[in-house]
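**Student:** One structure coming up, written as structure tokens, with questions to follow.
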Amino acid sequence: MTKQEVLGRKPLRVLEKIRENLEKLNEKMEIIIELQKRGRKGFQPLPDAPLDVMTLLSMPDHLRKTAMTVCRLGRATADEVSQQTHRARAVESGYLNQLVIMSHLKKERVGRKAYFYVEKENQG
Amino acid sequence: MIILGNIIALHSYKGGTGKTHISINLAVSFAKHGKKVCLMDLDFRAPSLATFFSHEKVECWLNDYLNGACKIDKTLIDISHKINGEGKLFVVLANPSTEAIREMSAKDRKWEMRALGRLLALRNSLLNDKGFDYLIFDTSPGLQYSSINAIVSADLVIVAATFDRSDVEGTKRMLDELYDLFEKKTEIVMNRVLYDVSSKSGKNSLEKKIEDIYQTPVLGMIPCFCDVAKAEGAIIFVQEKPEHLFSKIMDEMSNKIERSNSV
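Read top to bottom, the protein sequences are chains A and B.
Each residue of the first sequence is one higher than the one before, counting from 1356 in the working numbering.
Each residue of the second sequence is one higher than the one before, counting from 671 in the working numbering.
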């Protein structure tokens, strides 16, 4: 293997490591979401946080993009959101879980798929 | 799902920049070119379209649709018979009564969020299912909930601006802190400008000046016409005075939007 090939592999390995860490982070966030849902001590759900336009305006850019995509799609998986935003699925999954923890989105599992949506009562 | 139509929101920083006048004439221009258009009044604080179309029978207001009290079909008023051309023109009016204005201004965040959901749903119900080519939202000026909901739902935001200094500064801020944040395609219509319409170079240099100020494409520049002021908002120029330069500028603008959509 040439030196150039070795150097070319390193960034790929770093990216792969970042992806693995993101997946781990997502797993931890999913545990937090479950604990919040069950109302476990120390994991009380946050009060209702409607995803209105003023809230969208005050969000950091990366979360706004994800939140707006869910608003537009109505109900979507991380895969579907990533197709719209052109960001990696693992990245979108992290942002979606953050929005769930912040009580802006709801999450529902159907089989192996996780769907994210704005609460129906809030959507009208 | 293929979405064929387009949603356009007319917005401005300050009031009195000509949003409603531009919205109506743009809607009629599209309809005259054979398009199916729906013009909606989203200025719930100062509804204006109800005055323009006061003779029309209103079954339901846009307020009712956003309140979840009716389907969008019930709000549509067909005024196609009033325009010359093969297109279709519908209007959806906001309730101009003081009580309705007061009620709309007291809505909470949850209601505004539901309203956003209902505006986003128009893409399916009107553009996809009913085959409308354009929905045009005439909005309130500034940072109002209803205006931002309209902006978020739109594909193109047309900002009606003037050379008034406070309007220039406010519009610049909105471009940076509102439209950009929502990643909206935005174009400027400079209204009541003073330039020599017969000089092409004068027009080009003014357009360059506006683009330099706002760093945003210019959709159109409308000179200050005494005829428009004298009409006191009572006539639709594109319909009643098609040869007037104001009407020609409106037609140019609608053609420009149409061309950019077909690319």
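Positions of the beta carbon are idealized from the N, C-alpha and C atoms, including for glycine.
For clarity, every value in this text was computed on a predicted model and none was experimentally measured.
Inspect the beta-carbon positions of F852 (chain B) and V822 (chain B) and report whether they are closer than 8 angstroms.
**Tutor:** Taking 8 angstroms as the Cβ cut-off, F852 (chain B) and V822 (chain B) qualify as a contacting pair.
**Student:** Give the straight-line distance between the Cα atoms of T1424 (chain A) and Q1439 (chain A), rounded to the nearest whole angstrom.
**Tutor:** Taking the straight line from one Cα to the other gives about 7 angstroms.
**Student:** Taking only beta-carbon positions, decide if N1477 (chain A) is within less than 8 angstroms of chain B.
**Tutor:** For N1477 (chain A), the predicted structure reports a pLDDT of 43, less than 50, and the residue's modelled location is therefore unreliable. A value from the coordinates is still provided. Cβ-Cβ to chain B under 8 angstroms: yes for N1477 (chain A).
**Student:** Can you have a look at D921 (chain B) and say buried or exposed, based on whether 16 or more other CB atoms are within 10 angstroms of its CB?
**Tutor:** D921 (chain B) is buried by the Cβ-count criterion.
**Student:** Excluding five sequence neighbours on each side, which residues of the same chain lie with their C-beta closer than 8 angstroms to the C-beta of K727 (chain B)?
**Tutor:** Around K727 (chain B): I747.
**Student:** Out of B:S767, B:V827 and B:E877, point me to the one whose CA is closest to P893 (chain B)'s CA.
**Tutor:** Of the candidates B:S767, B:V827 and B:E877, the one whose C-alpha sits nearest the C-alpha of P893 (chain B) is B:E877.
**Student:** To the nearest angstrom, how far is it from the Cα of K744 (chain B) to the Cα of L1380 (chain A)?
**Tutor:** When rounded, the distance between both Cα atoms is 49 angstroms.
**Student:** Run through chain B and tell me which residues come within less than 7 angstroms of R1427 (chain A), C-beta to C-beta.
**Tutor:** L790, listed in chain order.
**Student:** Tell me R1464 (chain A)'s beta-bridge partners as DSSP assigns them.
**Tutor:** According to DSSP, R1464 (chain A) bridges with A:A1469.
**Student:** Taking Cβ-Cβ distances below 7 angstroms as the criterion, which residues of the region 797 to 830 of chain B are in contact with chain A?
**Tutor:** Correct list: Y815, I818, N819 and V822.
**Student:** Using a Cβ-Cβ cut-off of 7 angstroms (strictly less than) and excluding sequence neighbours within five positions of A830 (chain B), which residues of its own chain qualify?
**Tutor:** Result list for A830 (chain B): L680, S682, T687, G688, K689, I692, V859 and N861, in chain order.
**Student:** Put I677 (chain B) into one of helix, strand or coil per three-state DSSP.
**Tutor:** In the structure shown, I677 (chain B) sits in a strand (DSSP, three-state: E or B).
**Student:** From the DSSP output, which residues share a beta bridge with F760 (chain B)?
**Tutor:** B:C708 and B:D748.
**Student:** Is I927 (chain B) near L826 (chain B), with beta carbons less than 8 angstroms apart?
**Tutor:** Against a cut-off of 8 angstroms, the Cβ pair of L826 (chain B) and I927 (chain B) comes out as a contact.
**Student:** Rounded to whole angstroms, how far is the Cβ of K1461 (chain A) from the Cβ of A1469 (chain A), which I believe are closer than 8 angstroms?
**Tutor:** No, K1461 (chain A) and A1469 (chain A) are not in contact; Cβ-Cβ is about 11 angstroms, not under 8 angstroms.
**Student:** How many Å lie between D850 (chain B) and L790 (chain B) at the Cα?
**Tutor:** C-alpha separation (whole angstroms): 19 angstroms.
**Student:** Rounded to whole angstroms, what's the CA-CA distance from I673 (chain B) to R1427 (chain A)? Just pull it up for me.
**Tutor:** Only weak support is given to the placement of I673 (chain B): the predicted model assigns it a pLDDT of 45, under 50, and the value that follows is read from those uncertain coordinates. Their backbone Cα atoms lie some 13 angstroms apart in a straight line.
**Student:** Answer yes or no: does any C-beta atom of chain B fall closer than 8 angstroms to that of V1408 (chain A)?
**Tutor:** Yes, V1408 (chain A) lies at the interface with chain B (some Cβ there is under 8 angstroms from its Cβ).
**Student:** Is there a Cβ of chain A sitting closer than 8 angstroms to that of M783 (chain B), yes or no?
**Tutor:** At least one chain A Cβ lies under 8 angstroms of M783 (chain B).
**Student:** Just to make sure I have the definition right: I need the residues of chain B whose C-beta is within less than 7 angstroms of the C-beta of P1366 (chain A). Which are they?
**Tutor:** Those within 7 angstroms of P1366 (chain A) in chain B number zero; the least Cβ separation is about 29 angstroms.
**Student:** Can you grab the Cα-Cα spacing for the pair S750 (chain B) / I906 (chain B), in whole Å?
**Tutor:** Distance between the alpha carbons of S750 (chain B) and I906 (chain B): 14 angstroms.
**Student:** From what residue to what residue does the alpha helix (DSSP H) around V1446 (chain A) run?
**Tutor:** Per DSSP, V1446 (chain A) belongs to the alpha helix (DSSP H) from R1444 to I1456.
**Student:** Just to confirm before moving on: does the CB-CB distance between F802 (chain B) and C708 (chain B) stay below 8 angstroms?
**Tutor:** Yes, they are a contact pair.
**Student:** If we cut at 8 angstroms on Cβ distances, does R779 (chain B) have a partner in chain A?
**Tutor:** Output row for R779 (chain B): interface = yes.
**Student:** Note the first and the last residue of the continuous beta strand (DSSP E) segment covering T809 (chain B).
**Tutor:** Y804 to T809 is the span of the beta strand (DSSP E), which, as asked, contains T809 (chain B).
**Student:** Which term fits N874 (chain B), buried or exposed, when burial requires 16 or more other beta carbons within 10 angstroms of its beta carbon?
**Tutor:** So N874 (chain B) ends up on the exposed side.
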